[in-house]
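J.:
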Amino acid sequence: ARMPWPDLQRIHGDYHLGQVLVTANDFVIIDFEGEPARTFQERRAKGSPLRDVAGMLRSFNYARWSALRRIAQTTEELERLEPDAKAWESATRDAFLKAYVSSLSAKGAAPIDTELLRLFEIEKALYELRYELNNRIDWAQVPLQGVLALIDSNAAR
Numbered sequence: 021a022r023m024p025w026p027d028l029q030r031i032h033g034d035y036h037l038g039q040v041l042v043t044a045n046d047f048v049i050i051d052f053e054g055e056p057a058r059t060f061q062e063r064r065a066k067g068s069p070l071r072d073v074a075g076m077l078r079s080f081n082y083a084r085w086s087a088l089r090r091i092a093q094t095t096e097e098l099e100r101l102e103p104d105a106k107a108w109e110s111a112t113r114d115a116f117l118k119a120y121v122s123s124l125s126a127k128g129a130a131p132i133d134t135e136l137l138r139l140f141e142i143e144k145a146l147y148e149l150r151y152e153l154n155n156r157i158d159w160a161q162v163p164l165q166g167v168l169a170l171i172d173s174n175a176a177r
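Quick note: to get my numbering, add 20 to the position in the sequence shown (first position is 1).
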């Protein structure tokens, strides 16, 4: 049986940690212009909200690697810190997804399509790779490692 295509709606289009401000005990989401490389028509089009979820999940990966790049001064230090950073990313991803799914359940929505989410994560990581290769070559390893990890985790399934 085929899975029905998910409901489409207006989405943020460039949802990541840099678009979220913390105020007191709340969060404010900013900058709803969408991905800068997309056309105005593409940014206005409705899409799956899982695209924004995938964007935030990728952002957690960037936060992990950004912190490691800033802190680790040697390869040995990177190897020592990497397991804790990976554990942080995993716990953060799990908490974000759990809260998202819980919010959907409270509204009576269907469960998320994890395969579609994985596809959107790969799509986002490939977009990031293209961006980094064109703008910040020294950051290309972050989305490349993300693509490889997503492919590897999919192959393990």
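For glycine and all other residues, C-beta sits at the position ideal for the given N, C-alpha and C.
Tell me where the beta strand (DSSP E) around I49 begins and ends.
T.: Per DSSP, I49 belongs to the beta strand (DSSP E) from 46-49.
J.: The alpha helix (DSSP H) that contains T134, what's its start and end?
T.: Element bounds for T134: 134-155.
J.: If you pair each beta-carbon of the segment 134-143 with each one of the segment 62-73, do three or more pairs fall below 8 Å?
T.: Enough Cβ pairs lie closer than 8 Å, so yes.
J.: Using DSSP bridges, identify the partner residues of V42.
T.: Bridge partners of V42: F47.
J.: Does the segment 157-174 come close enough to the segment 72-89 to have 3 or more Cβ pairs within less than 8 Å?
T.: Verdict: yes, contact present.
J.: Would you mind sorting N45 into buried or exposed? The rule is 16 or more other CB atoms within 10 Å of its CB.
T.: When all chains shown are included, N45 counts as exposed.
J.: In the DSSP output, which residue or residues are listed as bridge partners for Q61?
T.: The partner list for Q61 (beta bridge, DSSP) is empty, contrary to what the question assumes.
J.: Apply the 10 Å Cβ neighbour rule to E99 and answer buried if 16 or more other Cβ atoms are within range, or exposed otherwise.
T.: Answer is exposed; the Cβ neighbour count stays below 16.
J.: Can you tell me which of F80, G54, R156 puts its alpha carbon nearest to the alpha carbon of L117?
T.: Comparing Cα-Cα distances from L117 to each of F80, G54, R156, the minimum goes to F80.
J.: Give me the DSSP bridge partner(s) of Q29.
T.: Paired residues: G67.
J.: What does the alpha-carbon distance come out to for the pair L149 and D158?
T.: Straight-line Cα distance between these residues: approximately 11 Å.
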